[in-house]
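So the sequences go chain by chain: A and B. Reading the first sequence from the start, the letters are residues 1 to 251 in our numbering. Reading the second sequence from the start, the letters are residues 252 to 502 in our numbering. All C-beta atoms in this analysis are idealised placements derived from N, C-alpha and C, irrespective of residue type, glycine included. Since the structure comes first, as structure tokens, the remarks are kept for the end.
There are 2 protein chains.
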Amino acid sequence: MAAAVGIGDDTKPTMRESLVRAAFQLFLERGFEQTTIDDIVSLAGVGRRSFFRYFPSKEDVVFPDHEGCLAEMTAFLRAAPPDGDPVTQACDASRLVLRMYAADPVFSVQRYRLTRQVPGLRAHELSVVWRYERALAEHLRERGAERADGALRADVVAAAVVAAHNHALRTWLRAGGEGDVQAAMDEALGYVTRAFSPTPPASPGSPGSPARSTAAAAAVDGEDEQVVVLLARKGTPLWRVVRDVEGALGE
Amino acid sequence: MAAAVGIGDDTKPTMRESLVRAAFQLFLERGFEQTTIDDIVSLAGVGRRSFFRYFPSKEDVVFPDHEGCLAEMTAFLRAAPPDGDPVTQACDASRLVLRMYAADPVFSVQRYRLTRQVPGLRAHELSVVWRYERALAEHLRERGAERADGALRADVVAAAVVAAHNHALRTWLRAGGEGDVQAAMDEALGYVTRAFSPTPPASPGSPGSPARSTAAAAAVDGEDEQVVVLLARKGTPLWRVVRDVEGALGE
DNA sequence: CACCCAAATGGCACTCAGTACCCTCGATTA
DNA sequence: TAATCGAGGGTACTGAGTGCCATTTGGGTG
């Protein structure tokens, strides 16, 4: 998943990149509403019709990578081991989204400031976030179907995970992208998992069942501690690595 | 707060009521997107300009009473006793919103079916719900400022309350407005209050505390392809593995 | 090289939401 | 009666988004 705006890329930028770059330049220097589609496409030097081939609406150009990120997240959830803790998996899925933001802090902060002051963008962001939340809730519902209140719990936990995620993320964005997002996210998600873990989960390093060895990852019993060895080609999709290593780590 | 559409009201309907009535008639018989503002105002027998005097957008006519309901809720929260339990107050505030829906089940069900199948309306509803959630979060933050994690907790609890509210409400709406909403709402909100009760289920060995220094990853150039070797203790939190391996994988 | 095909792009015209501005009408009041 | 004021109506405009068709581009293939 290349950076949102292909800075430092000496190859000819794609149409998407040109449009995003032109749009953000204008949005930042004169505002979202004060910028028309015609302004964007004329700065990018492309036809007006092309804009709507790449972005269904003016708002979508502000979130150019969310469609792919959502797909990545659903793939991650689908590939999650059925015997793992669904809440933990949901948290890990939300960390996947955080990665996208953290990959380009400057861009993320610019976008945050934009969406904060443009009501139309805030509304659009809500519908984006809503899709993540639905994906999490669906996963939790499927994996927690044995509970009597499974559907309710799924909705509530998904909302809580998203809220914690947004809290940590926005605190970081408000601070201009300075500081340790990961740590803040860990704390926020930890708060959620603590609230929704009726049975205190086994502490890390539990001498549990032997790990199932996958094609890529395997557990090995060392002298005094078990370790996991993972081999993966460079460029392997992260979710695939995660899936393979997750079982071996034994939760 | 009078019913949304003044049925059985023998006085001359106000402009608002005429517009809402005409709009819903057309939305239900030919769909939201297939209905233009001109259609609505000509059916209502008023000028086109008048529509936008009463509703800032076409979507707003579908939620004619939310502005007042939100004001009612914020007033309720502001008037809540300072020594009460903020979470309980937030739940009660959400019950206030439920009352608005339950006051006119037919209208609520019609609107639900409409918003479910029109993306634009769903997006608009999200921004409406978002304002309720912000109001709850603000209240929780103000009333729970003594906690260290007050702001995080406020966001998470507000999201959980709203999610529980929506779960119960939508289940009822999906069933056509039949059954006891109040009971379902009590159960849903009870689930949230239990999860965030003043005495949390203190879980020893909390999963939030990350194990230190457990994973390491490095990229190695092989004969014909690069591979990544990962070593990790069993039980290492998955997110930590992800963090360590993602750099090595080189995107 | 000529040709062709398919995808990508550009151009044009159109619908419709939303806004700015001004007009009319009727009721109240100085 | 004149001045005022508020509710509503009318007109024209901007700009987002769409459908349709022409044009270009970049391979293959004879």
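| Among the residues of its own chain, which have a CB less than 6 Å from the CB of Ala137 of chain A, if the five just before and after it don't count? | As a working mapping, residue 137 of chain A is identified with position 137 in the first sequence. The answer, listed in chain order, is Ala154, Asp155 and Ala158.
| said: Using 8 Å as the threshold, is the C-beta distance between Val313 of chain B and Arg362 of chain B below it? | reply: The sequence position of residue 313 of chain B within the second sequence is 62, counting from 1. The sequence position of residue 362 of chain B within the second sequence is 111, counting from 1. Result yes, Cβ atoms of Val313 of chain B and Arg362 of chain B sit closer than 8 Å.
| Three-state secondary structure (DSSP) at Ala148 of chain A? | The residue given as residue 148 of chain A occupies position 148 in the first sequence. Reduced to three states, the DSSP call for Ala148 of chain A is coil.
| query | According to DSSP, is Gln285 of chain B helix, strand or coil? | reply | Position 34 of the second sequence holds residue 285 of chain B. The answer is coil: DSSP assigns Gln285 of chain B none of H, G, I, E or B.
| query | Alpha carbon to alpha carbon, how far is Ala353 of chain B from Gly395 of chain B? | reply | Taking the first residue of the second sequence as 1, we reach residue 353 of chain B at position 102. Taking the first residue of the second sequence as 1, we reach residue 395 of chain B at position 144. Linking Ala353 of chain B to Gly395 of chain B through their CA atoms gives a straight-line distance of about 31 Å.
| request: May I have the straight-line CA-CA distance separating Leu424 of chain B from Gln34 of chain A, to the nearest angstrom? | output: Residue mapping note: residue 424 of chain B aligns to position 173 of the second sequence, counting from 1. Residue mapping note: residue 34 of chain A aligns to position 34 of the first sequence, counting from 1. Each residue's alpha carbon lies about 40 Å from the other.
| message | Tell me which residues share the same chain as Ser18 of chain A and place their Cβ nearer than 6 Å to its Cβ, disregarding the 5 neighbours each side in the sequence. | response | The sequence position of residue 18 of chain A within the first sequence is 18, counting from 1. Closer than 6 Å at Cβ, skipping near neighbours: Ala44.
| Coarse secondary structure for Glu17 of chain A, derived from DSSP in three states | The residue given as residue 17 of chain A occupies position 17 in the first sequence. Glu17 of chain A: helix per DSSP, three-state reduction.
| query | Does Ser57 of chain A come within less than 8 Å of chain B when only Cβ atoms are used? | reply | Against the first sequence, residue 57 of chain A aligns to sequence position 57. Not an interface residue.
| query | Roughly how many whole angstroms lie between the Cα atoms of Ala426 of chain B and Gln182 of chain A? | reply | Within the second sequence, numbered from 1, the residue matching residue 426 of chain B stands at position 175. Within the first sequence, numbered from 1, the residue matching residue 182 of chain A stands at position 182. Going by the C-alpha atoms only, they are around 42 Å apart.
| Hey, quick one: how far does the alpha helix (DSSP H) through Ala123 of chain A stretch, first residue to last? | Locating residue 123 of chain A in the first sequence gives position 123, where the first residue counts as 1. Ala123 of chain A -> alpha helix (DSSP H) spans Pro119 to Arg143.
| query | Rounded to a whole number of angstroms, what is the C-alpha to C-alpha distance between Arg16 of chain A and Gly47 of chain A? | reply | Here residue 16 of chain A corresponds to residue number 16 of the first sequence, with the count starting at 1. Here residue 47 of chain A corresponds to residue number 47 of the first sequence, with the count starting at 1. In a straight line, the C-alpha of Arg16 of chain A is about 13 Å away from that of Gly47 of chain A.
| said: According to DSSP, simplified to helix, strand and coil, what is Asp155 of chain A? | reply: Here residue 155 of chain A corresponds to residue number 155 of the first sequence, with the count starting at 1. In this structure, Asp155 of chain A counts as helix in the three-state DSSP scheme.
| With 16 as the cutoff for other CB atoms within 10 Å, does Thr115 of chain A come out buried or exposed? | The sequence position of residue 115 of chain A within the first sequence is 115, counting from 1. Buried.
| request: Classify Gly430 of chain B as helix, strand or coil using the three-state DSSP reduction. | output: On the second sequence, residue 430 of chain B is found 179 positions in, with the first residue counted as 1. Three-state DSSP puts Gly430 of chain B in coil, outside helix and strand.
| Cutoff 8 Å: Val413 of chain B Cβ touching any chain A Cβ | By one-based count along the second sequence, residue 413 of chain B stands at place 162. Answer yes: the Cβ-Cβ gap between Val413 of chain B and chain A drops below 8 Å somewhere.
| In this structure, does DSSP put Pro86 of chain A in helix, strand or coil? | For the purposes of this step, residue 86 of chain A is identified with residue 86 of the first sequence, where counting begins at 1. Helix.
| With a cut-off of 8 Å, does the C-beta of Tyr383 of chain B fall near any C-beta of chain A? | Numbered from its first residue, the second sequence carries residue 383 of chain B at position 132. Output row for Tyr383 of chain B: interface = no.
| Of the residues B:Asn417, B:Arg272 and B:Ser308, the one placed nearest Phe383 of chain B, counting alpha carbons only | By one-based count along the second sequence, residue 383 of chain B stands at place 132. Reading off the sequence shown, one finds Tyr at residue 383 of chain B, where the question assumed Phe. Taking only the C-alpha atoms, the option nearest Tyr383 of chain B is B:Asn417.
| query | If you draw a straight line from the C-alpha of Ala195 of chain A to the C-alpha of Ser448 of chain B, how long is it? | reply | Walking along the first sequence from the start, residue 195 of chain A turns up at place 195. Walking along the second sequence from the start, residue 448 of chain B turns up at place 197. Near 9 Å, if we compare the C-alpha coordinates of Ser448 of chain B and Ala195 of chain A.
| What is the C-beta distance between Ala123 of chain A and Leu70 of chain A, in whole angstroms, given that I count them as a contact (C-beta under 8 Å)? | Counting from one through the first sequence, the residue named residue 123 of chain A turns up at place 123. Counting from one through the first sequence, the residue named residue 70 of chain A turns up at place 70. Rounded, the Cβ-Cβ distance is 18 Å, inconsistent with contact.
| field | Pick from A:Phe107, A:Phe76 and A:Val87 that is closest to Arg21 of chain A, judged by C-alpha positions | value | Along the first sequence, one-based indexing puts residue 21 of chain A at 21. With distances taken between Cα atoms, Arg21 of chain A lies closest to A:Phe107.
| message | Can you give me the C-alpha to C-alpha distance between Val129 of chain A and Ser57 of chain A, rounded to a whole angstrom? | response | Reading the first sequence from its first residue, position 129 is the one you call residue 129 of chain A. Reading the first sequence from its first residue, position 57 is the one you call residue 57 of chain A. Cα-Cα distance, rounded: 17 Å.
| message | Helix, strand or coil for Asp316 of chain B? Go by DSSP, reduced to three states. | response | As a working mapping, residue 316 of chain B is identified with position 65 in the second sequence. Coil.
| Where does the unbroken alpha helix (DSSP H) through Ser197 of chain A begin, and where does it stop? | Here the question's residue 197 of chain A lines up with position 197 in the first sequence. First-last for Ser197 of chain A: undefined, no H or E at that position.
| Burial state of Phe303 of chain B (16 or more Cβ within 10 Å) | The sequence position of residue 303 of chain B within the second sequence is 52, counting from 1. Per the 10 Å Cβ criterion, exposed.
| query | Taking 8 Å as the CB-CB cut-off, is Phe63 of chain A touching chain B? | reply | Walking along the first sequence from the start, residue 63 of chain A turns up at place 63. So no, Phe63 of chain A is outside the interface.
| task | Would you mind reading off the limits of the alpha helix (DSSP H) that contains Ser50 of chain A? | result | The sequence position of residue 50 of chain A within the first sequence is 50, counting from 1. First-last of the alpha helix (DSSP H) with Ser50 of chain A: Arg48 to Tyr54.
| Do you know how far the Cα of Gly441 of chain B is from the Cα of Arg392 of chain B? | For the purposes of this step, residue 392 of chain B is identified with residue 141 of the second sequence, where counting begins at 1. For the purposes of this step, residue 441 of chain B is identified with residue 190 of the second sequence, where counting begins at 1. If you take the alpha carbons of Arg392 of chain B and Gly441 of chain B, they lie about 20 Å apart.
| Considering only the beta carbon of each residue, do Thr444 of chain B and Ala435 of chain B sit closer than 8 Å? | Reading the second sequence from its first residue, position 193 is the one you call residue 444 of chain B. Reading the second sequence from its first residue, position 184 is the one you call residue 435 of chain B. No. Outside cutoff.
| Using a beta-carbon distance below 8 Å, is Asp418 of chain B in contact with chain A? | Here the question's residue 418 of chain B lines up with position 167 in the second sequence. Rather than Asp, the amino acid found at residue 418 of chain B in this sequence is His. Closer than 8 Å to some Cβ of chain A, the Cβ of His418 of chain B qualifies, so yes.
| query | Under 8 Å between C-beta atoms, does Asp322 of chain A make it to chain B? | reply | Within the shown structure, residues of chain A are numbered from 1 to 251, placing residue 322 of chain A beyond reach of any answer.
| task | Return yes when the Cβ of Phe32 of chain A is within less than 8 Å of the Cβ of Leu121 of chain A, no when it is not. | result | Numbered from 1 along the first sequence, position 121 holds the residue referred to as residue 121 of chain A. Numbered from 1 along the first sequence, position 32 holds the residue referred to as residue 32 of chain A. If you check the CB distance, Leu121 of chain A and Phe32 of chain A come in under 8 Å.
| message | Can you tell me whether Asp311 of chain B is helix, strand or coil according to DSSP? | response | For the purposes of this step, residue 311 of chain B is taken as the residue at position 60 of the second sequence. Asp311 of chain B: helix per DSSP, three-state reduction.
| query | Name the chain B residues that come within less than 9 Å of Asp83 of chain A, Cβ to Cβ? | reply | Mapped onto the first sequence, residue 83 of chain A falls at position 83. What Asp83 of chain A touches in chain B: nothing, since even the nearest Cβ is about 14 Å away.
| Within the 8 Å Cβ cut-off, does Tyr442 of chain B reach chain A? | Within the second sequence, the letter at position 191 stands for residue 442 of chain B. Cβ-Cβ to chain A under 8 Å: yes for Tyr442 of chain B.
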